Amino acid sequence: MLRGFAKSFESELVPALREVVAQAPFRRMFTPGGHQMSVAMTNCGSAGWVTDQSGYRYDGIDPDSGQPWPAMPPVLRRLAEQAAAEGGFESFAPDACLINRYTPGARMSLHQDKDEQDLAAPIVSVSLGLPATFLFGGPKRADKPKRYRLEHGDVVVWGGPSRLFFHGVAPLAEGEHAVMGPQRINLTFRKAR
Ligand code: MD3
Ligand code: FE
27 MLRGFAKSFE
37 SELVPALREV
47 VAQAPFRRMF
57 TPGGHQMSVA
67 MTNCGSAGWV
77 TDQSGYRYDG
87 IDPDSGQPWP
97 AMPPVLRRLA
107 EQAAAEGGFE
117 SFAPDACLIN
127 RYTPGARMSL
137 HQDKDEQDLA
147 APIVSVSLGL
157 PATFLFGGPK
167 RADKPKRYRL
177 EHGDVVVWGG
187 PSRLFFHGVA
197 PLAEGEHAVM
207 GPQRINLTFR
217 KAR
């Protein structure tokens, strides 16, 4: 847990994210079970995480535009690499960055991230905007989650055993963030392929 690690990147990071989102707008995807997610998502990088009625997968093409996802801006890559190194993972080379947008009430139920080919690579997450309660369980769905407050600028590196632990996000509380407005943005950097 690298509290505030992303703050020194903020002035470059926020405009870079605006450009990505202009090319690939946030959208609320559907799970294979037919439920629409409360979290809106987009991606940058050579692969992007998508879900629809046929399942979860990484795809090089944005299904909404039919175009490749926007390239990963250098500042995002730098932030992810430096954080991974700080967490003990030298030479992390993410090819996917999933960008999640939470507005008040949005949540993510307990799940595992296991759609990536290389489970030895860590996932680096960056929290921006409104604070959230992160739920961190264990290797089994029934393991009682511990709660952590994640705030603007916090970065977490998930590797080793915790890479496959169940996790989620409690419903976002109302609020207004000075930089990001009434929302929380979470970036997760992944080696998908
Ligand atoms: C622990 N996102 O996109 S980030 C996700 O805040 C996701 O939007 C949450 O879970 C969010 O899949 C949590 C923290 C996180 C990300 C991946 C993990 C924690 C993780 C993978 C394994 C273990
Ligand atoms: Fe996850």
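Take the position in the sequence shown, starting the count at 1, then add 26; the result is the number in the numbering used here.
The beta-carbon is built from N, C-alpha and C at its ideal position, and this holds for glycine as well.
These figures come from a predicted structure and were not determined experimentally.
* To do: Please report the residue range of the alpha helix (DSSP H) in which L39 lies.
  => Locating residue 39 in the sequence shown gives position 13, where the first residue counts as 1. First-last of the alpha helix (DSSP H) with L39: E36 to Q49.
* Asked: Which runs of the alpha helix (DSSP H) spanning at least 4 residues fall entirely within the segment 98-125, listed in chain order?
  -> 100-112
* Of the choices A73, L28, D78 and L176, whose alpha-carbon is the least far from that of G86? -> For this step, residue 86 is matched to residue 60 along the sequence shown. Minimum Cα distance to G86 is reached at A73.
* **Closer than 8 Å: T214 CB and nearest ligand 2 heavy atom** => As a working mapping, residue 214 is identified with position 188 in the sequence shown. True, at least one ligand heavy atom lies under 8 Å from that Cβ.
* **Closest Cα partner of N126 within the set T68, F31, G155 and A42** => In the sequence shown, the residue the question calls residue 126 occupies position 100. Looking at the Cα atoms, T68 is the closest of the given residues.
* To do: Indicate the three-state DSSP secondary structure (helix, strand or coil) for K172 in the structure shown.
  => Here the question's residue 172 lines up with position 146 in the sequence shown. Note: K172 maps to strand in three-state DSSP.
* Asked: Any residues whose CB sits closer than 6 Å to a heavy atom of ligand 2? List them in chain order?
  -> H137, D139 and H193
* Asked: How many angstroms separate the CA atom of M63 from the CA atom of L136?
  -> Stepping through the sequence shown from its first residue, residue 63 is reached at position 37. Stepping through the sequence shown from its first residue, residue 136 is reached at position 110. If I take the Cα positions, the gap works out to 13 Å.
* Burial state of R173 (16 or more Cβ within 10 Å) -> Taking the first residue of the sequence shown as position 1, residue 173 is located at position 147. Its Cβ having fewer than 16 others within 10 Å, R173 is exposed.
* Exposed or buried, which one is R210 when buried takes at least 16 other CB atoms within 10 Å? -> The sequence position of residue 210 within the sequence shown is 184, counting from 1. Its Cβ being crowded by 16 or more others within 10 Å, R210 is buried.
* Check L145 in the structure and name its three-state DSSP category. => By one-based count along the sequence shown, residue 145 stands at place 119. Residue state, collapsed to three classes: coil.
* To do: Flag this pair as yes or no: are the beta carbons of R104 and F31 separated by less than 9 Å?
  => For the purposes of this step, residue 104 is taken as residue 78 along the sequence shown, with counting starting at 1. For the purposes of this step, residue 31 is taken as residue 5 along the sequence shown, with counting starting at 1. No; because the gap between Cβ atoms is not below 9 Å, this pair is not in contact.
* Given D180, which residues of its chain have a CB within under 6 Å of its CB, disregarding the five upstream and five downstream residues? -> Within the sequence shown, residue 180 is the residue found at index 154, counting from 1. Cβ within range, chain order: R29 and S153.
* **When V182, T129, T214 and T159 are compared against P171, the one with the closest alpha-carbon** => Here residue 171 corresponds to residue number 145 of the sequence shown, with the count starting at 1. Checking every option, the nearest Cα to that of P171 belongs to T159.
* Asked: Going by alpha carbons, who is nearest to A42 out of T129, V195, P96 and E112?
  -> Here residue 42 corresponds to residue number 16 of the sequence shown, with the count starting at 1. For the residues T129, V195, P96 and E112, the minimum Cα distance to A42 belongs to P96.
* Mind checking who P58 pairs with in its DSSP beta bridge? => Here residue 58 refers to the residue found at position 32 when the sequence shown is read from its first residue. According to DSSP, P58 bridges with nothing at all.
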